[in-house]
């Protein structure tokens with residue numbers, strides 16, 4: 001699996017080279033990239049727009065390939081934004097995960113979808 | 122830098138454990154996760170909503186920290202969706218990057234932001 | 243019902259006055275307003291993020307009031323964008339509805355959610 | 364101008380008939396419609412993705428027509444959601460506008476884009 005061998009840094013560098021060779025740093029501003037991520041997120045949603053949540057769990061292979069590409073686009077722009085902001089994405093993600101672990105204590109939220117504010121009462 | 126040492130697989134596994142310990146697989150369906158990514162993308166955009174594209178390049182440190190967290194949330198849900206779909210995210214990203222390299226030939230698009238359809242004419 | 247008596251023009255004018263009195267035309271550019279609509283749309287989605295499609299049909303009164311406010315925010319920004327673009331919104335909507343009527347012939351699409359491309363084959 | 368003569372009720376009824384004739388009420392659930400609005404909002408944003416905020420104020424006629432259609436799609440789904448929720452949209456919008464007038468006192472926010480929390484200090 002490529003996921004076992006690929007670091008965020010490798011992906012960030014590949015994306016930085018892609019942007020640089022096209023002189024696209026001028027367009028890849030944080031504001032524009034935030035829009036780009038949202039636009040790609042919507043293209044991902046389009047695949048699920050009219051499906052029940054159940055049906056979205058059993059997707060035909062062709063849909064899966066398309067969905068993978070939309071998901072890739074989202075992460076690609078997230079990598080470019082990390083580059084533009086000089087952000088260590090892994091560190092940021094790991095810190096946010098730790099915050100979430102504290103915010104949603106597993107014994108309190110198990111099997112429940114309510115937002116965390118409900119559990120602070 | 123954590124990005125140089127962290128693989129996608131490590132992040133995916135940490136997220137899978139977080140979801141599993143809370144029995145949240147039932148909520149983390151592909152449909153719901155596509156909405157979650159879009160929601161977090163909008164929270165990221167909120168930081169840039171009223172800024173000029175120029176101003177978005179010079180952010181105060183406090184804003185940068187908040188923006189990092191929003192970006193982390195987006196990628197966290199993207200990891201969870203990869204888990205839900207059984208997707209090798211790195212492979213998908215690398216394949217999409219290669220497709221983009223072919224779609225936007227650097228000598229034709231250098232310094233231009235037009236969509237690729239313009240260059241196929 | 244206010245909907246029976248209120249024209250789009252009345253709402254557009256009320257919004258134009260609100261923006262003008264605050265000298266917010268400088269921020270209410272088409273680009274920024276498109277982001278604003280997307281941000282409010284995400285806040286609306288947040289109410290449905292973890293619900294099944296079925297459950298979203300039976301909302302408690304408190305949720306309904308909050309959801310109404312989010313929906314209002316979306317249309318409010320749509321009104322402001324119509325003002326910024328000098329657009330006759332009703333005319334545009336009616337034209338688009340007529341286009342949709344032709345695009346989705348009722349005898350072909352009845353009870354089906356597939357996108358229109360399927361029906362053109 | 365159609366906006367001077369068209370009420371929200373007329374548009375809501377036209378949309379309700381469109382949905383009913385296609386037996387699409389089953390798909391037009393609040394959850395799905397919130398996704399639809401967000402998807403259309405992203406299609407609107409796509410027109411502005413790489414433009415400066417300034418450039419977004421001077422759009423060619425062809426772009427304007429396309430943008431109008433995307434904006435129409437957003438409002439069309441907002442009308443359908445109002446129908447699905449049994450919501451008086453004008454009343455909701457007018458109430459929200461009044462709330463905004465109080466939330467953003469014109470003498471305090473004139474010419475400023477900061478969020479309202481800054482003014483409550």
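Protein chains in written order, with my numbering: chain D, 1 to 121; chain Z, 122 to 242; chain E, 243 to 363; chain S, 364 to 484.
Backbone N, C-alpha and C define an ideal beta-carbon position, used for all residues, glycine too.
Query: For residue 41 (chain D), which option in D:21, D:68, D:29, D:60 has the closest C-alpha, if you only look at C-alpha atoms?; Result: D:68
Query: Which of the residues in the region 285-301 of chain E, read from start to end, lie with their CB under 7 Å from any CB of chain Z?; Result: 287, 288, 291, 292
Query: Report, in whole angstroms, the separation of the C-beta atoms of residue 49 (chain D) and residue 395 (chain S), which I expect to be a contact under 8 Å.; Result: 6 Å
Query: Alpha carbon to alpha carbon, what distance is there between residue 460 (chain S) and residue 469 (chain S)?; Result: 13 Å
Query: Taking all protein chains shown into account, do 16 or more other C-beta atoms lie within 10 angstroms of the C-beta of residue 375 (chain S), making it buried, or fewer, making it exposed?; Result: buried
Query: Chain Z beta carbons: is any one of them nearer than 7 Å to that of residue 443 (chain S)?; Result: no
Query: Might you give, ordered along the chain, the residues of its own chain that have their beta carbon closer than 7 Å to the beta carbon of residue 344 (chain E), omitting 5 neighbours on each side?; Result: none
Query: Look up residue 213 (chain Z) in the DSSP assignment and say whether it is helix, strand or coil.; Result: helix
Query: With 16 other CB atoms within 10 Å as the buried threshold, where does residue 204 (chain Z) fall?; Result: buried
Query: Looking at the strands, I want to know which residues DSSP matches up with residue 370 (chain S).; Result: E:249
Query: Where do the N-terminal and C-terminal ends of the alpha helix (DSSP H) with residue 353 (chain E) fall, by residue?; Result: Premise fails: residue 353 (chain E) is in no alpha helix (DSSP H) and is neither H nor E.
Query: Taking just the CA atoms, how far does residue 21 (chain D) sit from residue 307 (chain E)?; Result: 51 Å
Query: Using beta carbons (cut-off 7 Å, strictly below), is residue 388 (chain S) in contact with chain E?; Result: no
Query: Taking only beta-carbon atoms, is residue 278 (chain E) less than 7 Å away from chain D?; Result: no
Query: Expressed to the nearest angstrom, what Euclidean distance is found between the alpha-carbon atoms of residue 298 (chain E) and residue 442 (chain S)?; Result: 17 Å
Query: Is it right to say residue 364 (chain S) is buried, meaning 16 or more other beta carbons lie within 10 angstroms of its own, or is it exposed?; Result: exposed
Query: Relative to the C-alpha of residue 424 (chain S), which candidate in E:259, E:295, E:327 has its C-alpha closest?; Result: E:327
Query: Just verifying my parser: in three-state terms, what is the DSSP assignment at residue 198 (chain Z)?; Result: helix
Query: Any heavy atom of the ligand NAD closer than 6 Å to the CB of residue 367 (chain S)?; Result: This structure lacks the ligand NAD, and indeed carries no ligand of any kind.
Query: Expressed to the nearest angstrom, what Euclidean distance is found between the alpha-carbon atoms of residue 194 (chain Z) and residue 389 (chain S)?; Result: 32 Å
Query: Quick one, which residues of the region 59-71 of chain D are near chain Z if we go by CB-CB under 8 Å, in chain order?; Result: 59, 64, 67, 68, 69, 71
Query: Do residue 281 (chain E) and residue 167 (chain Z) count as a contact pair if the criterion is CB distance below 7 Å?; Result: yes
Query: Can a CB atom of chain S be found closer than 7 Å to the CB of residue 211 (chain Z)?; Result: no
Query: With a cut-off of 7 Å, does the C-beta of residue 281 (chain E) fall near any C-beta of chain C?; Result: Here chain C cannot be found, since the structure's protein chains are D, Z, E and S.
Query: Rounded to whole angstroms, what is the Cα-Cα separation between residue 109 (chain D) and residue 139 (chain Z)?; Result: 12 Å
Query: Quick one: is residue 476 (chain S) near chain Z, going by C-beta distance under 7 Å?; Result: yes
Query: Residue 261 (chain E) versus chain S: which residues are under 8 Å apart at the beta carbon?; Result: Result: empty, since nearest Cβ-Cβ is about 10 Å, beyond 8 Å.
Query: CA-CA distance, residue 234 (chain Z) and residue 24 (chain D)?; Result: 7 Å
Query: List, in order along the chain, the chain Z residues whose C-beta lies closer than 7 Å to that of residue 96 (chain D)?; Result: 190, 193, 194, 197
Query: With 16 other CB atoms within 10 Å as the buried threshold, where does residue 70 (chain D) fall?; Result: buried
Query: Residue 164 (chain Z): buried (16+ other C-beta within 10 angstroms of its C-beta) or exposed?; Result: buried
Query: Residue 361 (chain E): buried (16+ other C-beta within 10 angstroms of its C-beta) or exposed?; Result: Note on residue 361 (chain E): pLDDT 47, under 50, position unreliable in the model; no value is reported.
Query: Using the three-state DSSP reduction, which class does residue 264 (chain E) fall into: helix, strand or coil?; Result: coil
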